[in-house]
Structure formats: C-alpha cells, structure tokens
Amino acid sequence: MFRLIQSNSIETLAAALAEQLLANTPEDPFAVQKVLVSTNAMGRWLALALSEQLGICAGIDFDFGGRYLRNLVRQLAAQPSDIADPWEPEQLRWHLAQMLPQIPASHHWQNNSQLNRQQLQFLLQLSDTLDQYGLYRPAAIRRWLAAENLDFDAKPLEASELWQAQLLRNLQNKAKALGFDHPSERLLHAPQRLAKAEKLFEQWQQEGPLHVFGLSSLAPAFWQLLATIAASGRRDVVLYLLSPCNAPWGAMPPPINNETSAVEQLETMLLYKGHPLLANLGRTLRDFDWQLELISTNLEEKFQRHSLPSPPLKEGAMLLDQLKHDLATGLKANPLELKPEQLNLQIIHCHGDRRQVEEAHEAVLALMARDPSLQPHQVLLLTTDVACFAPLVLATFEQPGGSSNPRHLPIRVTDRTLRQRNPQINLLFQLLALAGSRYEREAVLDLLLLPPVAQAMQLIDLEHHQWLHLIQAVGITWGKDGNHRQQWGYPAGGENSWQWGLDRLLLGLLIEDPFPAEAAALGEWQGIAAHGDPLLTAALVQSLIKACETLFDLLRRLEAPLAPGAWAEALADAVQGLSNSAGLNGWQAPELYELLKPLRTAQEIFNTQQIFNTHENAPLLEREAVVLLLEEAEAQEQGRYGHVSGAVTLSALEPMRSIPHRVVVLLGMDEERLPRQDNFANYNLMARNPWRGDRSRRQEDRAILLETLQACRHHWIATYTGTDPRTGEEQNPAGPLADLISCLTTQYRCSDGSAIKDLLVRRAPPLRPLPSAPINGLEALWPANLDWPATETASSDLSELQLFFSDPARGFLRAHGIQLQRKPEQAWDPEETELDGLHRWQICEQMLPLGIDGLSPAAWQQQQEALKRRGKLPSGPAAQVVSANLRQRSLALLQIDQQLQQSQPNSQRIISSGVLNAKRKLQAWIAHLDANQTKPRTTYLIGPKASGEQEELISLCLDPIDSATANKHLALLHKLHQEGLSRPLPFEPEASWLLLNYRQNPEANWNQLDDYQWPDSIIQLNRGEAPSLFSWWDQADCLNLAEQILIPLDEALAASKIS
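Residue 466 in the working numbering sits at position 474 of the sequence shown, with consecutive numbering throughout.
Following this line, the structure appears as structure tokens:
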C-alpha cells in the first residue's frame, strides 16, 4: 500500500508520523524503523518533534531518500561487494581520467600529461552528468549501451555528440568485466529482482512501513521504485507531503479540450484562475504531484491519499495565516480587507548587505520587545550567500557584553566549513595556498602563527603583532633563499629572503651591531649583518629557525605535481609535522583523514588496474586540481550541524531547510542572487530539452519562498538591496519576492482603501539612524568618573613621557595590555623604489646617525652597502635610485645642525626628518624642559617646515627657561601621565593644537576639519568610528588640557627665532 498523507503544516505531518511509528512499533526491540528525509536540518528537527510526541526518539533510522534508494537498487542487483562500484560519481571521475584521450579535445578540456584544475573540473562535471543520465534518462542510456546513437527524444545524435555514447559504452565494457551493470540496467531489472528478494522482505517485515517525510524532489525512476515496493505487498510506503495547497493546480475543474495535454490545460487555467503564488512559484510542487498521479493511476486501489485538515481560520487572523488559508484553497479570490495590525509580513528595501543585516536585527529586537515570550532559538535566518552574510550577522547580532547586553542575540551558523571548525584542515588549505608562492612575509608568518602550529613549534611566547614587527625590522620580504628568488626572475643574491633574515637573527645572538654609531664591520660576519632585539631569546630564535626549515621542507613536496596517493601522504605529513596532530589535538585528525579520502580513493583505483587491465601509472595532479578536489569534499560536509540550538539559527536558503520557527528572516533576496542559475555544461543533453520531473535549480529556488512561508509561525521578514549603496541606482527584489509582493498587492488591501504594499514594503534609511540624544563617543565608552588603575611607576623618564604625549590614547591602551585592533602599519618594503612620506622618513632616520662624514661622497658607497646588508635599502642599483635625494636632504639637515653647534656649542639640538607638526614640537618641548631642569639651556628643533615640493628646512629656537619653571611644567606632565594611565585623557596633540588655533581665529577657513585623520587608538576607543572634531572638543577638560600643555609651548615658539 502506498499512502499519501498531505498537509500544509509540518507539525501536523510530524504528529501523523509519530502516530504511524507508534502503531507499527517492531516487536524486536533492536529493530529500527526507517524514515527518509531530505536534509540534516529536517532530520534534526523531526527527531526533536518525535521525542515530544513519543516521549523519546529511539529505534528510528533517518536516512536520505536518494541515498537509501540507490543502495537498495545496488543491493537488488547483487553487485560485487569487495570492489567499489565504478559507476558512483566519486569513482567514475577517476575511471574517466584515463579515458580523456578518447574525448575530442575542445573547449571542454585541453590535452595535457597532468591533470590541472580545468581538466579535473571537466571530469567532475562529466561524471555527475553521466550519473544524472542514468537516473533521469535510463531508457535512452540503455539504447546507447545497445549501440543505438539516439538522443533522449529517440532522434539521431549529431556528430559532435557521439563521443558521449561511445565513452559510456567503453566504460560499460570494462565495468562488465568486474560484474557491474550500468545503473540504468539495474533500475530496469529492479522490479523483477525485488519480487525474489526474500531476505530483504524478512528485514522489511521487522522494520515495518517505509516512511518518506518531506521529500519534494526525487527522480521519477525512484518514485516508480517506491511504487513497486508498495505494490509488492511486502512493505507499505507512507509519504508525508508538505504542500501549501491540497490540489497543486488550485482545485481547477477537469480539462475538456482534447487537443492539448491535460497538464498543459491545467497550467493555463491555473495561470488565469488559480492563486497567483501557486501559478508563479509552485511548478516544482506540480511536477511532484504529477508523478504521484502517475503512481496512483498505476497502483489504483493500492494508493490512498489523506489530506489532513488545516485549522480553521480565526476571526481577525493575521495576514500570514490568511495567506496560508488562501493557498490551501488554491483559487484566486476577491481582494480581502485587512487592518494594519494584521500585517505580520515585512519586506525591507535596504542599501546594501550591511544595512539588510542591521535592519533585520532591529526588526527581531522590536518583535522581542513586543512579545517577551519570543526567544532567540525561535528565530531562523536564511540567506542565499552564507559566506557574505555570516560575518555581518555575527558582528551585528552578537553584541559586546553577551547576554548582559539587551541588544545581544546569540548566533549559530549551520553552514560553517570544515576549515572554520577544524584548525588542522584550515592549516591544510593554507599550506596548499602557500606552496608554489613567493613565500611572502605575512603569508608565511600567518601560517606559522596558526594556533596548532605556534603551539607545536613553540612560537607562542610572542603575539602576532610582535612577530610581525620583528620580521619587518630584520628586513625579510619574500623568498626562501637566493635560489628561490632567482627562480622568480630576480638577480642572484639572498637579500631580504627568509634564509638571509634568519642568519641575521642567529648572528644577533652572538654579537651586537653598533652601526651606525660605530663602524659597520663590528656588527658583521662574512657579509652578514647581525640583528638583535630585546624580545628575542636564543630559544625563540632557534624555534623560529626550526619552524621555517620544517615548513619550507614540507612545502617543497607540495610544489610539483604528484600522484593522488602521494598528495594524500604529503598533505597528511605536512599537517602532522607542523601541528603535532598526534598530541592533544588528535581528535581533529579523523576529519582530516576523511577529507583526504578522495585522493586515497583515486590512488586505489589506479593501483588495482583491474577495470582497465593496463599498466599505466596514476595521473599526476597539479596543486590547483587538488585544491578543487578537497574543496568539493569540504562542501559536501557543509550544513550538517547546528540546525536546532539555543541561539538564532543562520542557515543557507536551500530546499527543506525551512524548519518551523516563530520568526523567519530572509536575507539577501536580491535579483542577482535568487533564483540561482543551473550550472549545466553545454554538452549536457538533458539541459537542452528538459522533461517534466527533472530537477531545476531555478524552479526549486522559486518554491523555497513557499516553504519559508509554511515554516513561519509568527512573523515573516525579507530584506533585499533595493538601492545600490555605491551608485544609488534602484534595484529589483528577487523574482520570487517580487511575485509575492505582486500577489499581496492584488489579493489584499487595507481597510482604509490604501495600497497594502505601502505598509508591507518599507524603505530603510541608507545609514543606521543616530541616537535621538547624541552623546560624545568617548564619554559613552569611558565615563568621566572612570578610574582604571594601572601599575604606577615611580617616575617617567624622558622617552616614556615623549611617547605617551605623542598618542595618550595608545599609551592608555598599552598600559592595560590592550593592542590596537589592526595590523601594524606596513613597514617599508626595501625592494620598493616608489616611496611615500612615511617610508622616506624611515630611510632618513637611518641616514641621520651616519653624520656628515658618513654621507660624504667618499664614504657614501661603503655606508650604502652597509645599509643594504641591514635591509634598509634595496639591493643592486635600486639603492642609488631610492637614496639619492634623501641623502641630500639628510646632509642639509646635518649641515644646519653643524652650523648651530659651531655658533651655540652649549645648545641642545634635535633633528627631525619629518614635518615639524604639533606632535614633534611637543616632543621637543618636553626635551627642552628636561634639559633646563638644572640650568638654562637653548634648544633647537631642526626639520622641514612642510612636506612635498614646497619643503623648506628650518630650525626653531626655544629660549632658555629657569629651572623652577621647567620643573613646574614637567611636574604637571608627569602628573597627567600618571592620570592618563588610569583614564583616557581628552588630549591629542594635533586636535588640541587645532582647537587653540580655532578659538583664536574661528572666522578663518577651516575646511580641513572635515577630513581630520584620527590616530587608530582614538578610533578604537570610539567603537571603531572616527569622532567629529567638535564632539571631541566638547569633552570636559579638553580645552583645559590643551591650554595647560600647549600654551606654554605656543608662547615659547612665538618668542623663538626661525632660521
């Protein structure tokens, strides 16, 4: 018996399933009842629903419908069990690999002795295509195997298409030698073999009926197999069908025109008389029902259909309930009048993906505020692009402070990839990305500092930013050594390579480099310049050297093409060698082993050579082909976990992922994202002439919208990018969403006569609205009464004081162990010849200590070579290009210093290669105060007045002051320093200097205030946003601190002499 139980409520179907399971409980307590589902999400939800109905969900085996029926057909065909089935797509691809020469070389693939990514992509696609042929066109494939070169409509194949039929026959000839039939032949003989499967009947008798729950797509051949099982009388088949309408053609009257098919007539009638949503979005459901009608016709009295009644519609029902009720009838009705409070569907027109997520977050919070019983686990987020939306959702929904923050909503992402969950698999993909590359500094360091690698290689004593700063300071840029750099077309020489930099670090453990204060040769050995750092110990240097040697040795094995088995071995060895996977993290190894299974499978096929009876070796796979193969294996594991948890669920928008939730939110409902295209190859004969019952990604995506409406219980929300955030152009919603809007507009209207679309579709503002009562950003984070004591120091030396007042916010963060939330500035690449202002300043800082004699023409060549050996200048002739103008500039600064020394021998002189801005003036002022503590002394600040083509070198003179005044100012600075370590001071040198100038002359042109560049520390304190200058200036004590610190400096500069 084939029983169809149909409802538009999945909870009702689950209750019916529980009733059937209870009524057919096996006598054997160890026997299991079989339930076929379509997705892991549905299986997880169904298990919980059954446990609520039955008290416990035990003795039930959930399996995927397609997989179960494939295995059943294979079992009935009695295929060899000791050899893998060559017709499985995972096996077929490798059998096809040795038959590539039989395929005409074309744009499908290019002949090559090795398998590259393009060829492997073709093999994967071809194996899947041939597999679909056998499943959806079994009769036509049997004609091919019988040497009849006919297409799927029984017409002769064109000459350009004959290769597919011939290729299939060649595969069948070799598979026959092992006793394997083609799947189409297995399907043909399955009914006869089923009638004789006595052992199988005994098993079925113990298990009871076969329950098929929620399947919306299955090959017609499999439906016929289910019908055969039901007709055999040995096992009942119970299908639980979730359908928005009891009659997919909308309860249309039977057709009376005999000139066209009944199905075509019903489609036409539905388009004009049926419910518009069923007409536009229900093609997949109608195809499904068409197959069921064929089954019912064949089974006659052995087919029963039960339509479970929907709950009656209550007075004043919400729009969503009214829509479900109308869909159940399937007929177009006159527009219904609704009140605004009955609208529980919401469509939000947004400006980009980020605004979609922000508006969805606000909408969910508003629903929770109105209904305190709504919990996070009752909210489902579905998106067409998980990779794009997952970071935005996590950043928006999960707020600082966790559950103590009323705006915080926990998120569970169900489609996390293996590399996101398993550090070893992440390491594997990073190894493949790094192999064959230039071994860039950041790429190598990022891999070495992955948690499993850093732990195994003992590199955890320093943070990532500290390691990066050290490697930059050494001068390493890219390349393993000189030979490796030469392979990339660079001149011979290992400068700026990893080997060169590691030698410098190793030598730095033995000797110090006094250059440029003393001769360069004192810090060198055999042409290597030593480099030391207080953070580096001998153990850390040795660990870094060992880690790099291990990494580069392992990467060498991954550069050349290898056989599949060699790839599996090399990758496993690389991961184990770098992460010590046999240690505490050994639990991650099984997933890694499973990921590498396709490579091992390929090697096993080529090793046996049983099918092909040849002595050819396994083809060599290029690295990019291996990446493609592993990415495919990883994708098959995606979306298996976390579908029902205590958090808001974020899942991919796929068929039968829409399990019941009170609130369903659809993100990314944009025209270019949905419906998705079918990626068929141009040689796919099925795609050229599709038949009713074939899978169509576009039609499934249109039906998904109906699934989400059926799954929603309380409130349904959809967001889309209606305005391009970059160009401002209007954009359309996804096709299914546009159909929904059109349907709601024609089927319903507001009681006051206004268009319902105006209430359903809301245009969100381009940016998130500001708070109604704006507050200063820093005061919101750091109240004025905040006291966060730091470890006090007895006194602050000159350098500490200068460093703190250059950036007080950064000093505050560092005092409490908080690092800036960004990578350090990209250090100057010594191989670059086009430099910006920061990099020119860095090189000048290296030249100034050489003095006039060191920069003279006679000594410059030797000093230039010394700078090159320390990575301060590029190697070869580029050094002269980079340093020519900077050397002249440094000489000019030193000559001004020499002149002042001769005229004012007791003065203090400070040379700055950077523009004399407020920060550098303040540093000079602090140094001037320090020098005048004991006796009055003049200080000169030498440097450029401005940057660029108008650069002018000047010297500022700070006249001597008495010791009492100097100590008074220093005492204030020391006091503010200690205070600034406990709370953020509203002081920033450049902003405070601008404040004083603005107050002196507010009528001047202050256009530069709009583009003020804040330090990263201020932005971090202000929640990642740059505050406006005026809100900064409005902070308490901002003006007071500016006057206390900068006015004495300003007065001293006003009286100074500029030369």
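Beta carbons: idealized from backbone N, C-alpha and C, even for Gly.
Everything numeric in this text was worked out from a predicted model, so none of it was measured.
Rounded Cβ spacing between residue i and residue j (contact assumed at less than 8 Å)
i	j	result
Ala387	Val405	Their Cβ separation, rounded to whole angstroms, is 12 Å, which puts Ala387 and Val405 out of contact at 8 Å.
Glu692	Pro647	5 Å
Arg901	Ile934	6 Å
Arg694	Leu273	5 Å
Gly308	Gln334	7 Å
Tyr990	Trp998	6 Å
Gln422	Leu439	5 Å
Pro841	Pro508	4 Å
Leu137	Gln164	6 Å
Val349	Leu384	4 Å
Ser235	Asn0	6 Å
Ala448	Leu587	Contact flag wrong, Cβ pair sits at about 20 Å.
Gln478	Ala484	6 Å
Arg654	Leu366	6 Å
Residue i to residue j span [Cα, whole Å]
i	j	result
Leu451	Gly863	24 Å
Met91	Arg399	59 Å
Ile651	Tyr712	22 Å
Ala858	Leu865	9 Å
Trp155	Lys188	38 Å
Leu914	Ala1046	14 Å
Ala644	Asp377	7 Å
Val619	Gln595	17 Å
Glu722	Glu664	13 Å
Leu180	Gln67	14 Å
Lys191	Arg185	12 Å
Ala320	Ile52	31 Å
Ala919	Gln925	10 Å
Arg161	Ile133	10 Å
Leu622	Leu591	9 Å
Leu1013	Val656	36 Å
Leu701	Cys237	13 Å
Gln71	Glu629	28 Å
Any non-hydrogen atom of the ligand ADP within 7 Å of residue i CB
i	result
Pro383	The ligand ADP is absent from the structure shown, which contains no ligands of any kind.
Coarse secondary structure for residue i, derived from DSSP in three states
i	result
Ala710	strand
Gly935	strand
Ile(-3)	strand
Leu5	helix
Tyr585	helix
Ala644	strand
Ser43	helix
Trp37	helix
Pro928	coil
Thr715	strand
Phe205	strand
His966	helix
Phe598	helix
Phe54	strand
Trp136	helix
Glu664	coil
Glu1043	helix
Pro1007	coil
Leu13	helix
Sufficient close CB pairs (3 or more, under 8 Å) joining the stretch 57 to 66 to the stretch 207 to 226: yes
Meets three-Cβ-pair contact criterion under 8 Å: the stretch 339 to 358 and the stretch 703 to 712: yes
The stretch 519 to 537 touching the stretch 490 to 500, judged by at least three CB pairs closer than 8 Å: yes
The stretch 966 to 986 / the stretch 1018 to 1029 touching (three or more Cβ pairs under 8 Å): yes
Inter-stretch contact (C-beta, 8 Å, three-pair minimum) for the stretch 875 to 895 and the stretch 528 to 544: no
Any beta strand (DSSP E) of 3 or more consecutive residues that is wholly inside the stretch 272 to 313: 295 to 299
Contact the stretch 946 to 956 vs the stretch 1028 to 1045: 3+ CB pairs below 8 Å: yes
Given 8 Å, three or more beta-carbon pairs between the stretch 1008 to 1019 and the stretch 831 to 840: no
contact_flag[the stretch 788 to 800, the stretch 956 to 975] where n(CB pairs < 8 Å) is 3 or more: yes
Alpha helix (DSSP H) segments (min. 4 residues) lying fully within the stretch 445 to 483: 456 to 466 and 474 to 479
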